[in-house]
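Colleague: Position in the sequence shown (from 1) plus 630 gives the number in my numbering. Ideal Cβ placement from N, Cα and C applies to all residues, glycine included.
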Amino acid sequence: MNKKEPNRDRQSGAANPEKKTARALELLLRSVSEWNCYRKEHPDEAVEFNKKDFSEIDLSGADLSGGSFKAANFSGANLSNAIFRDAKLNGANFVGADLRQTDFSNADICGANLIRSDLSGANLDGANLSMTDLNHANLKGALLTQSRLNGANLNECDMREAILSWADLSGVGLSMANAGESDFHDARLGDADLLGADLHDSDMHDSDMHESDLRDANLHHANLHHVNLHHADLSEADLGEADLSEADLGDARLRWTNLKGANLSGADFSMANLNGANLVGANLCGVEFTGANLCDANLGGANLGLANFRGAELSMANLAESETFHTSFVNLDLRQVKGLDTINHRGPSEVSISTLYRSQGQLSEAFMRGCGVPEGMIDHVRSLSGNTFDYLSCIISYSSRDKKFVARLYADLQKEGVRCWLCPDTLKSNRYLDQHIDRTSQCCEKMLLIVSDTSMKGEWLKNTIFNGVQRESREGQRLLFPVSLVRESKFEEWDLTDHESGRNFGRELKKHFIPSFYGWEHDNDLYLRELNQLVATLKSTDTGRSCQL
């Protein structure tokens, strides 16, 4: 009986994939043109050259699309105009390689080493470059739209005129990089290191740059419209003539930053630090400066129409020749502000009672008349000159289940001249609490924390204590005043340890006198005794500054 002869060629091919790879590699190294013809004839054939050595070899123009080159060595190779589209290049070594005009679109280059490589004009659209090292690389004019560069090292690289719109650069290192005239619009740059980077004339509109480090960066004439720079550090950066309209700069640091001639209309600088900033001739129309630090800032000749300075610090700030129109001067001490008499009033502005009292009547008639203050009020302000009108104020933070006690405490504190605001747990969220802690610092209010069986179970109370004690340590000023409604033993056993840092906030909180109203419902003498001690404590720690009216 005749038996079928086995197909030796098929068996050989299946048994020796290494030989097939070796033949393909030999063809590639012998002639790029022959290789490209072979790829054209066999487009579906897998290309697997993982860990192969291509160092110092000329593969310019080679079609290597879809291939696998994981951990391959391309150092010093000439790969200009090569095609790596959809290729797998994880961990590959491209140190010093010539990659000009190379197509890496949608390639996976994660973790690759591209130090000092030349990628000028390369197509990296949609490529994964996360955790790559591009230190001193040349990316001039490269296309990186929708690419992933999170965690990459781009320090001191050349990115002039590169296009990075919609790219993910979160956590990237770009310090001292040259990225002038680049396109970063809608990119993600949160927590990025851009220290000293040159980003002049770049288009970064609608990008997310929260908590990024932009100290000493050059952003002259850059487009930063509607950018998220919340908590970013732009100290001593150059933002002259930049467009920051409608940008979010809440809690940002802009100490000694140059914003001369910049367009900041509609931007939010709430709680930002602009100490010593140069805002000469800037467009500040509709800007939100609530709680901002503008000490020593120069706003000479700026457009302040519709700007809101509520609760800002303006000591030694210069407003000479600035323009106002329905500008809000609420809860301010304007005694040390320069140039108030030379403001160009284009319409009435709001000057609150708290501003008149905090300024102790030391406001010029020219300024008040320009703002539209009535003559009768101006006459009254003259009588305030040199007088102080300080009073105690506090926020009472409590659980709604303790409202009966809080209602009585509130009424009694008001009678004692302590002005109070109620903050029940029904209003609380992390953002709300953070705003109150910031308000406490800015306005020098105090926060009474009602510690009860119910409130001790709430995370909001612990978070308030953790944040408040840290602020007390930083600023050397007492902000938190606990009021206990529980047994002394229970209060002592209360665990206030921050498990992340290991810091015992309870020990720091309990070093001060804490009044105990436990049993107040049945013991009026106890209530009055503790109330008197609480008021005495509040008065003994008063800072002598008024709060917002």
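Which same chain residues, not among the five before or five after Val1165, have their C-beta less than 6 angstroms away from its C-beta?
Modeller: To locate residue 1165, count along the sequence shown from 1; it is residue 535. Counting only Cβ-Cβ distances below 6 angstroms, and skipping sequence neighbours, we find Glu1046.
Colleague: Check whether the Cβ atoms of Thr762 and Ala782 lie closer than 9 angstroms to each other.
Modeller: Counted from its first residue, the sequence shown places residue 762 at position 132. Counted from its first residue, the sequence shown places residue 782 at position 152. It is a contact, given that the beta carbons lie within the stated cut-off.
Colleague: Skipping 5 residues on each side, what residues in its chain have a beta carbon closer than 7 angstroms to that of Glu686?
Modeller: The count along the sequence shown starts at 1 and reaches residue 686 at position 56. So the list reads Gly706 and Ala707, once near-sequence residues are dropped.
Colleague: Under DSSP, the beta strand (DSSP E) around Pro1145 begins and ends at which residues?
Modeller: Looking up residue 1145 in the sequence shown gives position 515. Note, Pro1145: premise wrong, no beta strand (DSSP E); not H, not E.
Colleague: Would you mind reading off the limits of the alpha helix (DSSP H) that contains Met1077?
Modeller: Translated into positions along the sequence shown, residue 1077 becomes position 447. Counting along the chain, Met1077 falls outside any alpha helix (DSSP H), though it belongs to the beta strand (DSSP E) covering Lys1076 to Val1081.
Colleague: Please go through the stretch 851–875 and give each complete beta strand (DSSP E) segment of 3 or more residues, from N-terminal end onward.
Modeller: You should have found no qualifying run.
Colleague: Which class does Lys770 belong to by DSSP, given the choice of helix, strand or coil?
Modeller: Numbered from its first residue, the sequence shown carries residue 770 at position 140. Three-state result, Lys770: coil.
Colleague: Find out if the Cβ-Cβ distance for the pair Glu811, His840 is shorter than 9 angstroms.
Modeller: Locating residue 811 in the sequence shown gives position 181, where the first residue counts as 1. Locating residue 840 in the sequence shown gives position 210, where the first residue counts as 1. Against a cut-off of 9 angstroms, the Cβ pair of His840 and Glu811 comes out as no contact.
Colleague: Just to confirm, is the Cβ distance from Leu964 to Leu993 under 9 angstroms?
Modeller: On the sequence shown, position 334 is the one that residue 964 refers to. On the sequence shown, position 363 is the one that residue 993 refers to. The answer is yes: Cβ separation under 9 angstroms.
Colleague: Does the beta-carbon of Cys1050 have 16 or more other beta-carbons within 10 angstroms, so that it is buried, or is it exposed?
Modeller: The residue you call residue 1050 lines up with position 420 of the sequence shown. Cys1050 is buried by the Cβ-count criterion.
Colleague: By the DSSP assignment, the alpha helix (DSSP H) with Arg1038 in it spans what residues?
Modeller: For the purposes of this step, residue 1038 is taken as residue 408 along the sequence shown, with counting starting at 1. Start and end: Lys1033 to Lys1045.
Colleague: Between which two residues does the alpha helix (DSSP H) containing Cys1024 stretch?
Modeller: Counted from its first residue, the sequence shown places residue 1024 at position 394. No alpha helix (DSSP H) contains Cys1024, which is instead part of the beta strand (DSSP E) from Leu1022 to Tyr1028.
Colleague: Looking at the unbroken alpha helix (DSSP H) that takes in Ser695, where does it start and where does it end?
Modeller: Taking the sequence shown and counting its residues from 1, the one referred to as residue 695 is at position 65. Careful: Ser695 lies outside any alpha helix (DSSP H) and carries neither H nor E.
Colleague: Quick check: what's the CA-CA separation for Trp1150 versus Ser1023?
Modeller: Taking the first residue of the sequence shown as 1, we reach residue 1150 at position 520. Taking the first residue of the sequence shown as 1, we reach residue 1023 at position 393. Each residue's alpha carbon lies about 23 angstroms from the other.
Colleague: Can you give me the Cβ contacts of Arg715 inside the same chain, cut-off strictly under 6 angstroms, excluding the 5 residues immediately before and after it?
Modeller: Numbered from 1 along the sequence shown, position 85 holds the residue referred to as residue 715. Hits under 6 angstroms: Ser695, Asp733 and Ser735.
Colleague: Grouping DSSP H, G and I as helix and E and B as strand, with all else coil, what is Phe814?
Modeller: Residue mapping note: residue 814 aligns to position 184 of the sequence shown, counting from 1. DSSP places Phe814 in coil when its eight states are reduced to three.
Colleague: With distances taken Cα to Cα, identify the nearest neighbour of Gly1136 among Asp1125, Pro1145 and Phe939.
Modeller: Mapped onto the sequence shown, residue 1136 falls at position 506. Gly1136 has its Cα closest to that of Asp1125, out of Asp1125, Pro1145 and Phe939.
Colleague: Cβ of Ala822 within 9 angstroms of Cβ of Leu804?
Modeller: Mapped onto the sequence shown, residue 822 falls at position 192. Mapped onto the sequence shown, residue 804 falls at position 174. Yes, the pair counts as a contact, with Cβ atoms nearer than the cut-off.
Colleague: Counting C-beta neighbours from all protein chains within 10 Å, is the total for Pro1145 16 or more, i.e. buried, or is it exposed?
Modeller: Translated into positions along the sequence shown, residue 1145 becomes position 515. By the neighbour-count rule (16 or more Cβ atoms within 10 Å), Pro1145 is buried.
Colleague: Measuring CB to CB, does Asp683 end up less than 9 angstroms from Ala702?
Modeller: Residue numbering aside, residue 683 sits at position 53 when the sequence shown is read from its first letter. Residue numbering aside, residue 702 sits at position 72 when the sequence shown is read from its first letter. Contact flag set, yes.
Colleague: Just mark His1129 as buried or exposed, buried being the case when its beta carbon has 16 or more other beta carbons within 10 Å.
Modeller: For the purposes of this step, residue 1129 is identified with residue 499 of the sequence shown, where counting begins at 1. Label assigned to His1129: exposed.
Colleague: Pick helix, strand or coil for Ser1170, following the three-state DSSP scheme.
Modeller: Counting from 1 along the sequence shown, the entry for residue 1170 is found at position 540. Helix.
Colleague: Mapping the DSSP letters down to three states, classify Pro647 as helix, strand or coil.
Modeller: Locating residue 647 in the sequence shown gives position 17, where the first residue counts as 1. Three-state DSSP puts Pro647 in a helix.
Colleague: Could you give the first and the last residue of the continuous beta strand (DSSP E) run that contains Leu1110?
Modeller: Counting from one through the sequence shown, the residue named residue 1110 turns up at place 480. That run of the beta strand (DSSP E) goes Leu1110 to Ser1114.
Colleague: So, with DSSP's three-state summary, where would you put Glu1089?
Modeller: In the sequence shown, the residue the question calls residue 1089 occupies position 459. Helix.
Colleague: Quick check on this structure: which residue in Ala767, Ile1080 and Gly741 has the alpha carbon closest to the alpha carbon of Asp748?
Modeller: Taking the sequence shown and counting its residues from 1, one reaches residue 748 at position 118. Of the listed residues, the one whose Cα sits closest to Asp748 is Ala767.
Colleague: Among Val1113, Cys1053, Val857 and Gly916, which has the Cα closest to the Cα of Asn1162?
Modeller: Numbered from its first residue, the sequence shown carries residue 1162 at position 532. Closest option to Asn1162, Cα to Cα, is Val1113.
Colleague: Please report the residue range of the beta strand (DSSP E) in which Arg1049 lies.
Modeller: Translated into the one-based positions of the sequence shown, residue 1049 becomes position 419. First-last of the beta strand (DSSP E) with Arg1049: Val1048 to Pro1054.
Colleague: With DSSP run on the structure shown, which of helix, strand or coil describes Ser958?
Modeller: Translated into positions along the sequence shown, residue 958 becomes position 328. Strand at Ser958.
Colleague: With 16 as the cutoff for other CB atoms within 10 Å, does Gln731 come out buried or exposed?
Modeller: Walking along the sequence shown from the start, residue 731 turns up at place 101. Gln731 is buried by the Cβ-count criterion.
Colleague: Short check: CB of Ser690 to CB of Val662, under 9 angstroms?
Modeller: In the sequence shown, residue 690 corresponds to position 60, counting from 1. In the sequence shown, residue 662 corresponds to position 32, counting from 1. Cβ atoms of Ser690 and Val662: closer than 9 angstroms.
Colleague: Can you have a look at Phe1143 and say buried or exposed, based on whether 16 or more other CB atoms are within 10 angstroms of its CB?
Modeller: Mapped onto the sequence shown, residue 1143 falls at position 513. With fewer than 16 other Cβ atoms within 10 Å, it is exposed.
Colleague: Compare the Cα-Cα distances from Phe899 to each of Ser1119, Asn720, Gly1006 and Leu859 and report the closest residue.
Modeller: Residue mapping note: residue 899 aligns to position 269 of the sequence shown, counting from 1. The shortest C-alpha separation from Phe899 is found at Leu859.
Colleague: Tell me the rounded alpha-carbon separation between Ala727 and Asn680.
Modeller: Sequence index remark: in the sequence shown, residue 727 carries index 97 (1-based). Sequence index remark: in the sequence shown, residue 680 carries index 50 (1-based). Spanning the two alpha carbons is a distance of roughly 18 angstroms.
Colleague: Roughly how many angstroms separate the alpha carbons of Arg1159 and His956, rounded to a whole number?
Modeller: As a working mapping, residue 1159 is identified with position 529 in the sequence shown. As a working mapping, residue 956 is identified with position 326 in the sequence shown. Straight-line Cα distance between these residues: approximately 49 angstroms.
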